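So the protein sequences, as listed, match chains V and E. Under UniProt numbering, residues 1 to 504 are what the first sequence spells out, in order. Under UniProt numbering, residues 1 to 449 are what the second sequence spells out, in order. Cβ atoms here follow ideal geometry from the backbone N, Cα and C, with glycine treated the same way. In this text the structure is predicted, and so the values were computed from the model without any measurement. In what follows, a single structure is set out as structure tokens and then discussed.
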Amino acid sequence: MTEITTISGNRGLMLEEPLIFEQGCPGRIGVDIADPGPVDEDRLGGLARQGAIGLPDLSEPQMVRHYTRLSQKNYGIDSGFYPLGSCTMKHNPRLSEKMARIPGLTDLHPFQPQSTVQGALEVIDLLAHWLKGLAGMPALAMSPAAGAHGEWCGLMAIRAYHDDHGDSRRTRVLVPESAHGTNPATAAMCGYSVDPVPANERGRVDVAALKAKLGPDVACIMVTNPNTCGLFEDEILEIARITHDAGAFFYCDGANYNAIVGRVKVADLGIDAMHINLHKTFSTPHGGGGPGAGPTVLSAKLAPYAPLPFVVHGTDGLELVEHAEQAPGAKPFGRVKGYHGQFGVFVRALAYILSMGADGLRQTSSDAVLNANYLLASLKDVLSASFDGPCMHECLFDDRFLKDSGVTTLDFAKMLIDEGFHPMTMYFPLVVHGALLMEPTESEAKETLDGFIAVIRALAAKAKNSEAEAFKAAPRLTPRRRLDETLAARQPILRWKHGANAEG
Amino acid sequence: MRYLPHTEADRRAMLATIGARDVDCLFQDVPAAARLDQPIDLPAGQSEMAVERVFTRMAGKNLSAGCAPFFIGAGLYRHHVPAAVDQLLTRGEFLTSYTPYQPEVSQGTLQYLFEFQTQVAMITGMEVANASMYDGATACAEAAVMAARVTRKKKIVLSGNLHPHYVQTTETVTKHQGLEIEALAPDPFGFEDLMGRVDSRTACLIVQNPGFFGGIRDLTQLADACHEVGALLVVAVAEPVSLGLITPPGAMGADIVVAEGQSLGMGLQFGGPGLGLFATREKYVRQMPGRLCGQTVDQDGKRGFVLTLSTREQHIRREKATSNICTNSGLCALAFTMHLTLLGETGLTRLAKLNHAQAVRLEQSLRRVPGAKVISQTYFNEFALYLGDDVDAAEVVEKLAAKGILGGVAASRFYPHWPELRPILLLAATETNSQDDMAALVSALNEGL
Ligand SMILES: Cc1ncc(COP(=O)(O)O)c(C=O)c1O
């Protein structure tokens with residue numbers, strides 16, 4: 001293929017787009033705003049801004065074109081297969097978007113009198129009812145804003161329980177080595193030290209090692225289930241038992257709940273607290289990094305410590321409890337964020353849940369696990385599977401199949417981009433070398449998986465066939481090729497400044 | 001089921017490839033005692049039409065802000081969001097992408113984050129901003145923790161003009177991090193003495209501007225006082241539109257600025273999701289929480305963007321990370337930056353002036369309510385109204401609601417333990433209020449008091 005150069009730098013549908021700061025022109029406007037009219041006397045106390053802010057002025061058509069062009073430089077689930085392990089990139093139904101835009105659900109202020117928002121409280125209550133029912137757990141903290149925030153909420157409730165019971169010796173949290181980075185970071189935020197637990201040769205928690213580490217100074221364990229290797233912790237009941245025997249709690253990272261939703265109740269696994277990423281299992285869009293929501297189910301022991309606010313059934317309908325004394329018996333550990341939780345995300349998740357129903361959700365986890373096992377079965381002879389199957393909703397490979405090829409996991413992933421796929425998760429979990437973690441989700445048809453499998457098989461053959469150069473050069477067909485991350489970190493340029501950000 | 005593509009034939013073929021008899025076999029690692037062989041006892045799935053009916057019914061039980069004279073603020077403000085914002089927000093390439101870990105297929109997300117960071121730094125008057133936090137309250141808590149890290153001191157002083165949810169969130173986040181919180185009493189009249197509160201043990205002082213009760217403060221001397229004892233000044237902004245008209249915190253010496261970005265691009269959404277803005281000085285950037293997008297070049301030397309300085313973050317640093325945040329508020333940041341792009345310098349300035357003018361007009365109309373008095377000496381688009389010694393503002397709010405008016409929020413909703421605050425009503429005015437709205441509020445207050 002000869003390199004085609006154009007005068008403009010554009011390449012057909014691949015359009016170059018300058019920063020907004022490079023295309024403004026003072027005096028344009030993209031929103032018509034009424035003339036403020038004369039104000040006799042301002043009430044700014046002499047603190048009116050002096051000098052310009054520096055924002056560019058654009059018209060609406062320029063703005064629309066800018067963001068349309070930017071969107072075209074992105075890959076989403078809507079564009080194609082996105083097997084990003086641990087992230088559950090499933091289809092985002094458009095009904096959810098439509099429901100979230102009903103004025104009676106979106107144009108509501110959190111401090112309206114409660115009598116005027118009974119329908120909104122019903123959304124929260126109904127979603128909570130479903131999540132508790134699916135998990136089999138008695139209580140739920142609705143307000144956490146994401147998975148990591150839910151982890152913190154769960155651990156704060158655990159700490160509140162121990163403190164309330166005068167048990168201040170518990171200063172350690174046991175976290176498997178395969179855990180996501182948020183787990184140890186969360187434990188540290190709660191004032192705990194983190195003690196890693198090794199995995200056994202089957203990719204699960206080494207129960208003997210766990211047992212040896214448990215003791216009267218352990219506050220809780222944080223175990224992801226299914227774990228980050230895509231495996232169900234088959235000794236989970238024993239894990240729960242020895243944890244409880246030591247007086248500690250079992251926090252479960254529920255990032256991988258999509259594998260078991262509708263087929264297994266969290267309560268039946270001996271779990272005391274678990275967050276549910278609505279932006280994973282319940283299909284709310286990831287939006288390029290958020291927003292999410294991480295409602296956290298709690299056992300009866302932990303329930304009294306749930307944070308404010310929460311919804312209760314009162315005599316005049318639903319009531320939002322904003323202060324501890326409104327709810328006798330409650331000992332909330334505090335407040336985790338402003339207002340009443342990620343309401344816009346709740347609406348979307350509930351629309352999905354009502355669409356799927358208990359039967360559809362069971363089919364969801366079944367198909368998600370089926371798809372992952374199909375990838376595993378179809379690829380294990382050409383890639384190196386880290387563990388034997390069956391896997392749950394994702395399958396893990398390591399880089400042994402690339403040994404001596406000169407190709408790395410990163411190169412392999414970048415080559416997939418040119419083939420029109422989003423890469424899998426790379427280099428996570430840390431417990432295997434050069435991890436490639438694939439999570440197909442239930443949204444993908446067999447044809448899509450077959451197309452992906454064919455490409456992976458061909459690429460694996462290419463890698464073994466000493467075509468490392470081609471891999472190193474990938475991707476070649478994207479708006480930008482590999483980016484210099486070392487330069488970005490060594491000489492950080494974190495914003496536009498006049499005259500400082502010239503196009504390279 | 002419309003979201004699930006497999007036919008039974010597909011499933012059979014795939015099971016054959018796997019070598020499993022049925023799907024249940026794939027769940028063999030689940031302890032038998034925990035395996036459910038039936039769907040959970042909850043309703044079955046429904047069609048789009050049926051689900052729409054459920055939501056329409058629930059929506060019908062709410063009084064939406066657009067259907068009432070509406071004056072509620074208290075940290076979240078109702079602004080007109082231009083149609084183009086939401087239309088573009090639903091483009092699947094934005095909506096359905098993950099965090100931009102693969103920069104070659106995420107230049108769209110990365111470029112708008114870079115533009116967003118620049119806009120946030122500009123309006124706050126700071127040098128750098130991150131790619132968002134969950135909301136203003138959590139951003140505020142993160143600022144407290146960061147200040148302690150930077151100064152290696154432990155005392156965090158919270159002004160009585162800081163939003164009570166920011167106060168409570170900060171208290172909760174810092175509870176087990178060895179910090180000492182000194183939260184001052186609510187300060188509706190703007191009397192508190194903050195200068196006397198900072199000393200050599202202080203990590204930071206956190207003030208809100210405009211304050212929770214409306215007041216706008218010159219923070220220059222406070223900043224100097226903080227810096228003299230080695231403390232940081234953290235400024236929280238709950239209404240970013242105010243930055244179109246008033247001196248930004250950065251110009252008054254702030255070291256960290258946190259804000260709630262909801263005002264631009266997002267609408268009310270019953271208070272969530274929010275958008276935490278976080279800006280600081282360049283010298284503190286390595287102590288900052290949250291994702292950062294930076295400029296670099298690609299293999300061909302072309303300008304491009306990547307996530308950077310991630311050695312601060314949980315996926316690299318684990319228990320030593322500056323924060324545990326992972327998923328943030330990406331799409332809300334997009335809504336914010338799109339709205340601000342449409343406004344530009346000219347539009348933000350004009351919008352801010354209009355908001356202030358509306359609030360001044362509201363104050364003037366309220367002079368017709370006997371016994372009521374605006375107690376905020378200064379304000380932007382929200383102020384505290386004292387209704388009279390024996391008046392319970394919470395009751396007034398309920399009476400107004402019964403007349404179909406969403407007439408502000410009673411201070412007692414936040415401060416139930418402060419009887420002296422019972423007569424105080426917080427009222428906000430924005431460009432969305434009409435003269436008729438104001439007239440309706442005034443006449444209802446006259447009837448109700
Ligand atoms: C296993 C695991 N735990 C925790 C998290 C954190 O969740 P969130 O990004 O919603 O905060 C993730 C998300 O990437 C994850 O994969």
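Membership of Cys25/E in any beta strand (DSSP E) is not indicated; the residue belongs instead to the alpha helix (DSSP H) covering 23-26.
Counting the other Cβ atoms within 10 Å of the Cβ of Asp272/V gives 16 or more, which makes it buried. Minimum Cα-Cα distance from Pro226/V among the listed residues Leu131/V, Lys265/V, Ile242/V, Gly133/V corresponds to Lys265/V.
At the C-beta level, Ile102/V and Leu58/V stay beyond 9 Å of one another. With contacts defined by Cβ atoms closer than 9 Å, Leu370/V and Met438/V do not form a contacting pair.
For Ile242/V, the uninterrupted alpha helix (DSSP H) segment begins and ends at 236-245.
The closest heavy atom of ligand 1 lies less than 8 Å from the beta carbon of Gly147/V.
Secondary structure of Ser384/V (DSSP, three-state): strand. Checking the 8 Å criterion, the Cβ of Asn183/V is within range of a heavy atom belonging to ligand 1. Of the other Cβ atoms in all chains shown, fewer than 16 fall within 10 Å of the Cβ of Ala324/V; this residue is therefore exposed. In this chain, the beta strand (DSSP E) harbouring Ile424/E covers 424-428. Here Tyr3/E is not bridged, per DSSP, to any residue. A straight line joining the alpha-carbon of Leu292/E with that of Ser200/E spans about 32 Å. Between Ala13/E and Asn373/V, the C-beta gap is not smaller than 9 Å, which leaves the two residues out of contact. The secondary-structure analysis by DSSP pairs Ala139/V across a beta bridge with Leu298/V. What His149/V touches in chain E, judged by beta-carbon distance under 7 Å, is Tyr134, going in chain order. Non-local C-beta neighbours of Gly329/V in its own chain, meaning closer than 7 Å and more than five positions away in sequence, comprise Pro304, ordered along the chain.
The beta carbons of Ala428/E and Glu395/E sit no closer together than 9 Å. Bridge partners of Ile181/E according to DSSP: Ile156/E. For Cys87/V, the CB falls within less than 8 Å of some heavy atom of ligand 1. Boundaries of the beta strand (DSSP E) around Ala384/E: 382-386.
Separation of Gly448/E and Lys399/E (C-alpha to C-alpha, rounded to the nearest whole angstrom) is 7 Å. Identification of chain E residues near Pro291/V by a Cβ-Cβ cut-off of 7 Å yields Pro273, Ser329, Leu331, Cys332, ordered along the chain. In the structure shown, Asp195/V falls within a strand segment according to DSSP collapsed to helix, strand and coil. Cβ proximity to chain E below 7 Å picks out Gln112, Pro113, Ser115, Thr116, Val117, Gln118, Gly119, Ala120, Glu122, Val123, Trp130, Gly133, Leu134, Ala145, Ala146 from the segment 112-146 of chain V.
Bounds of any beta strand (DSSP E) do not take in Val336/V, whose DSSP letter is neither H nor E. The beta carbon of Gly46/V sits no closer than 8 Å to any heavy atom of ligand 1.
Secondary structure at His275/V: strand, using DSSP grouped into helix, strand and coil. DSSP places Ser106/E within a strand segment (E or B) once states are collapsed to three.
Where Ala259/E is concerned, the enclosing beta strand (DSSP E) starts and stops at 256-260. By the Cβ neighbour-count rule, Glu3/V is exposed, with fewer than 16 other Cβ atoms within 10 Å of its own. Beta-bridge partners assigned by DSSP to Val117/V: Asn62/E. Taking C-beta atoms as the reference points, Phe270/E and His109/V count as a pair closer than 9 Å.
Close CB contacts of Leu402/V within its chain, under the 8 Å cut and outside five residues either way in sequence, are with Thr408, Thr409, Phe412, Gly434, Ala463 (chain order). At a threshold of 8 Å, Asp41/E does not count as near ligand 1, since its beta carbon sits no closer than that to any of the ligand's heavy atoms. Taking a C-beta cut-off of 8 Å against chain E, the contacting residues of the segment 324-338 of chain V are Glu325, Phe333, Gly334, Arg335, Val336, Lys337, Gly338, listed in chain order.
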